[in-house]
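Numbers -29 to -1, 1 to 351, taken from mature numbering (1 follows the signal peptide of the UniProt record, and there is no 0), label the letters of the sequence shown in order. For each residue, glycine too, the CB sits at the ideal point set by N, CA and C.
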Amino acid sequence: MKLKFKWFLLFLTAAALVLPMIAATPVMADPLADAIAAVPQGTGPGQIDPSASAGIFGIPGAPSPGLLLCFCWAVWVGWIFSTIGAFGGVMAGVGHISIYGMGPYAKTFKDTSPAINKILTDSIRVSNQWLGGLSALVSTINYGRQKRLVTSLGIFMGIGALFATFLVVFTTAGKVSFSQYQGWFGLCVFLIFTFMVYEMSPKGQASKTAAKAAAKAFEDTVKNKGSIEGQGVKILNWSITKAEVSFFGQKFSFNPIWAFIGGFCISALASFIGVGGGFLYVPFLTSVVGLPMYVVAGTSSVAVLIGMFFSIFNFMVLKGVVVYWPMIGVELVGVFVGSMIGPRTGKYIPEKALKWLFLILAFYIGIRYTLRGFFGIPVP
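Written as structure tokens, this is what we have:
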């Protein structure tokens, strides 16, 4: 069974890598070239200077992020997602938008070339998903070996995500300006921050006795260098309306139907802002399902993996969105490295510290992009 699962993951990965590369590039080449040709020439904002050095997509004067910077940032992206099961796509977005300068560059074309503005916005969305998707794949395999994921729960959320990604791609591709995207990106993250603050309060923690007991048992086992696989996730009972699993002596139950609905709603929002949805899956799994963080990261990875595969396929193959392969190729290597490190270091970090890391990132990113996108207020 394990061998079949590994072959399935390898096939899924190969398809995710090859199909968009084969099918998407010819579709998008002409619209991108036409949009570039129609841009006014000059050295001002929203103009293209033919004498400038070529950057992303071969556009003269466009940002040209260094390969070492892309690799190092991608290692961070892979590590953070594989450690807490969230913020891979969000951090990829921070890199593409701010660190590499693609966001401000796309914004300059708001008036002179709305077509390029939207092409670059869609490219950022899909580029984020490539990084989040690979990290989810590597994390799923690593957490599966450690028996730290609830596969059936992740699959049901992922199935819900399939329908959502199809809906979002065909209703928003090519229709969202960068300012709109940036604002909604930040607002979604900030709303999750407020929800997680409540969860960390005494009232929010009152119903988490099983999760806290399992987390403590896990931490004690790691501290004493015991075997975590032997006490990992086990399926006790399963039906279409109720599933029950155990983790380090504690029982947890969930409704697969609600998992499907949750996956649909989460992925609809995540696909719109171009991320995997881990920052939404994590609160859902900790608050609604009641799982400890040590199981949440792996379970979130399964759902993100399924949603990302189909979202990338829909955006690139069916809608012709293009990504800058020289940059993405280097980033994927970095994401792989970071995603291999995360599950091995995360088990030594206390659960409360993982949640605080989640909160700090959510607050800063949420405030920064909400203010900049909707109100034009720059935040460092």
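- In this structure, Gly344 lies away from Gly72, with their beta-carbon atoms at least 8 Å apart.
- The region 280 to 299 makes no contact with the region 52 to 59: fewer than 3 CB pairs, one atom from each, lie closer than 8 Å.
- Taking 3 residues as the shortest admissible run, the region 186 to 259 contains the following complete beta strand (DSSP E) segments, listed from N- to C-terminal end: 205 to 209, 214 to 218, 221 to 225.
- Boundaries of the alpha helix (DSSP H) harbouring Ser106: 85 to 116, taken from the DSSP string.
- Around the Cβ of Leu39, a 10 Å sphere holds fewer than 16 other Cβ atoms; the residue is exposed.
- Secondary structure at Ala6: helix, using DSSP grouped into helix, strand and coil.
- Boundaries of the alpha helix (DSSP H) around Phe281: 264 to 284.
- For the pair Ile95 and Gly64, the Cα-to-Cα distance works out to about 7 Å.
- For Tyr169, the enclosing alpha helix (DSSP H) begins and ends at 149 to 171.
- DSSP, reduced to helix, strand and coil, places Pro31 within a strand of the structure shown.
- The continuous alpha helix (DSSP H) containing Ser310 extends over residues 296 to 317.
- Taking Phe223 as reference, the option from Ile283, Thr180, Leu108 with the minimal CA-CA separation is Thr180.
- Secondary-structure assignment with DSSP links Gln12 through a beta bridge to Ile19.
- A Cβ-Cβ contact shorter than 8 Å links Gly278 with Gly248.
- The beta-carbon separation of Thr257 and Glu170, rounded to 7 Å, stays under the 8 Å limit for a contact.
- Assignment of Ala25 by DSSP, reduced to helix, strand and coil, places it in the strand class.
- CA-to-CA, the gap between Lys213 and Leu3 works out to about 49 Å.
- The region 293 to 304 makes no contact with the region 136 to 151: fewer than 3 CB pairs, one atom from each, lie closer than 8 Å.
- For Pro75, the enclosing alpha helix (DSSP H) begins and ends at 73 to 78.
- Contact between the region 10 to 27 and the region 72 to 87 is present: 3 or more CB-CB pairs across the two stretches fall below 8 Å.
- Taking 8 Å as the cut-off, the beta carbon of Val306 is found closer than this to the beta carbon of Gly49.
- Of all alpha-carbon atoms in Val350, Tyr335, Leu303, the one lying nearest the alpha-carbon of Val46 is that of Leu303.
- Relative to the Cα of Pro34, the nearest Cα in the group Trp44, Ser172, Leu332, Leu91 belongs to Leu91.
- Boundaries for Leu120: no alpha helix (DSSP H) harbours it, and the DSSP string shows neither H nor E there.
- The C-alpha of Ala135 is placed about 17 Å away from the C-alpha of Pro227.
- Within the same chain, Glu322, Leu325 come within 6 Å of Met264 by CB-CB distance, once the 5 residues on both sides are set aside.
- Membership of Ala57 in any alpha helix (DSSP H) is not indicated, and neither H nor E is assigned to it by DSSP.
- The Cβ atoms of Ala241 and Phe218 lie no closer than 8 Å to each other.
- Between the beta-carbon of Tyr114 and that of Pro314 there is about 6 Å, and that keeps the pair under the 8 Å contact cut.
- Around the beta carbon of Asp93, 16 or more other beta carbons sit within 10 angstroms, so the residue counts as buried.
- For the pair of segments examined, the region 191 to 210 was found to touch the region 113 to 133: the number of CB pairs separated by less than 8 Å reaches three.
- Sequence-distant partners of Val216 (beyond 5 residues in either direction) whose C-beta falls short of 7 Å from its own C-beta, in its chain, are Val121, Val204, Lys205, Ile206, Leu207, Phe223.
- Judged by DSSP secondary structure, Gly337 falls within the alpha helix (DSSP H) whose first and last residues are 322 to 346.
- Under the 10 Å beta carbon count, Thr165 is surrounded by fewer than 16 other beta carbons and is classified as exposed.
- Distance between Pro75 and Leu108, taken at the CA atoms: about 31 Å.
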